[in-house]
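Student: Sequential numbering from 1319 applies to the sequence shown in this note's numbering. From the three backbone atoms N, C-alpha and C, an ideal C-beta is built for every residue, glycine too.
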Amino acid sequence: MDKFVISSGHAKIVRGASGYIDEVDEARKVVSKVADYLKELDCTVDTFHDNTSKTQRDNINKIVKYHNSKSRDLDVSVHFNAGTKEIGGTEVLYYSDGNKVLAEKVSKAISEALGIKDRGAKKRTDLGFLKGTAKPAILIEVCFVDTKTNADAYKKNFNNCCKAIAETLSGEKLKEAVKPVEKKSVIHKVQVGAFSDEKNAANLAAELKKKGYSVNIVKG
Ligand SMILES: [Zn+2]
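Have a look at this one:
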């Protein structure tokens, strides 16, 4: 697959779940980062965020309409889960059985990138997005906003998580990430004496050399 439409769940006004992190804010970040990575992999991507709907019904309709107006192989909706007091984890929801394997793969890849539980693929035939979109579709529940370990893991591994999604959807591997710029090394100098007479400096240097130290005389 190389043509995708990806949208964030809910809307700017009709908000989603909120806990240690906010679903709508984070879903938007994930959508845009995944789109960047997919483009790096030469995929065609359209993204959508609903900034205007005032009701849930309008919101679902608007998202579905956008997806269905584009040419694509797969529709993807990005959400975050809420409501568990347990360990949370990643889930990917699908509508038709043909998309079960992809949903499983995406769920596994995200859970591994985040180091959280893989809750796996879940068939859902009652969700507006999955019902309304005409192409194969999955709905990603990245992690739980109200499980602290999930929110922390997500914040720490955001890029990895988005890479994992892009690589799994496209079936291609991104080039190795650019290594972070090396920190400048700091040299710690040890000074043992300061002499105005060069001879005295030379004598101390000789003594230290005898003891096996490497010595530099620096004039300054
Ligand atoms: Zn949601």
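What does the Cβ neighbour count give for residue 1419, buried or exposed, with the cut at 16 atoms within 10 Å?
Tutor: Exposed, by the Cβ-count rule.
Student: Output the distance between the C-alpha atoms of residue 1428 and residue 1508, rounded to the nearest integer angstrom.
Tutor: Whole-angstrom Cα-Cα distance: 49 Å.
Student: My output table needs one value for residue 1392: the three-state DSSP class, helix, strand or coil.
Tutor: Strand, per DSSP.
Student: Which first and last residues belong to the beta strand (DSSP E) in which residue 1359 is found?
Tutor: First-last for residue 1359: undefined, no H or E at that position.
Student: Looking at residue 1334 and ligand 1, is the gap between the Cβ and the nearest heavy atom below 7 Å?
Tutor: Yes - ligand 1 has a heavy atom lying nearer than 7 Å to the Cβ of residue 1334.
Student: Please classify residue 1493: is it buried, with 16 or more other beta-carbons within 10 angstroms of its beta-carbon, or exposed?
Tutor: Flag for residue 1493 reads exposed.
Student: If I'm right that residue 1344 touches residue 1399 with Cβ under 8 Å, what's the distance once you round it to whole angstroms?
Tutor: Not quite, the Cβ-Cβ distance comes to about 11 Å (not below 8 Å), so this is no contact.
Student: Taking 7 Å as the cut-off, does the CB of residue 1506 come closer than this to any heavy atom belonging to ligand 1?
Tutor: No; taking the cut-off as 7 Å, the Cβ of residue 1506 has no heavy atom of ligand 1 nearer than that.
Student: How is the beta strand (DSSP E) around residue 1335 delimited, first residue to last?
Tutor: Segment: none, residue 1335 is in no beta strand (DSSP E) and carries neither H nor E.
Student: According to DSSP, simplified to helix, strand and coil, what is residue 1467?
Tutor: It is helical.
Student: Is residue 1584 helix, strand or coil by DSSP?
Tutor: Since the first residue shown for the chain is 1319 and the last is 1538, residue 1584 is missing from the structure and cannot be characterised.
Student: Return the first residue and the last residue of the beta strand (DSSP E) that residue 1382 is part of.
Tutor: Element bounds for residue 1382: not the beta strand (DSSP E) but the alpha helix (DSSP H), 1374–1386.
Student: With a floor of 3 residues, list each beta strand (DSSP E) that falls wholly inside the region 1400–1460, ordered by position along the chain.
Tutor: The region 1400–1460 contains these whole beta strand (DSSP E) runs: 1408–1412, 1436–1441.
Student: Given this structure, state the Cα-to-Cα distance separating residue 1367 from residue 1324, to the nearest angstrom.
Tutor: Those two C-alpha atoms are separated by around 9 Å.
Student: Between the region 1371–1384 and the region 1443–1459, do three or more beta carbon pairs fall short of 8 Å?
Tutor: Yes: the two stretches touch, three or more of their Cβ pairs being nearer than 8 Å.
Student: Is it true that the CB of residue 1331 sits closer than 8 Å to the CB of residue 1573?
Tutor: Because the chain here runs from 1319 to 1538, residue 1573 falls outside it and cannot be looked at.
Student: Looking at C-beta atoms only, is the number of pairs between the region 1467–1483 and the region 1346–1357 that lie closer than 8 Å three or more?
Tutor: Touching, per the Cβ criterion.
Student: Answer with buried or exposed for residue 1462, where buried requires no fewer than 16 other C-beta atoms within 10 angstroms of its C-beta.
Tutor: Its Cβ being crowded by 16 or more others within 10 Å, residue 1462 is buried.
Student: Closer than 7 Å to a non-hydrogen atom of ligand 1 - does that hold for the CB of residue 1341?
Tutor: Yes, the Cβ of residue 1341 comes within 7 Å of a heavy atom of ligand 1.
Student: Which value, in whole angstroms, describes the spacing of the CA atoms of residue 1486 and residue 1441?
Tutor: Rounded to whole angstroms, residue 1486 to residue 1441 spans 19 Å at the Cα level.
Student: Alpha carbon to alpha carbon, what distance is there between residue 1383 and residue 1436?
Tutor: Each residue's Cα considered, the two are about 31 Å apart.
Student: Tell me whether residue 1409 is buried or exposed, calling it buried when 16 or more other Cβ atoms sit within 10 Å of its Cβ.
Tutor: Counting Cβ neighbours within 10 Å, residue 1409 comes out buried, since at least 16 surround it.
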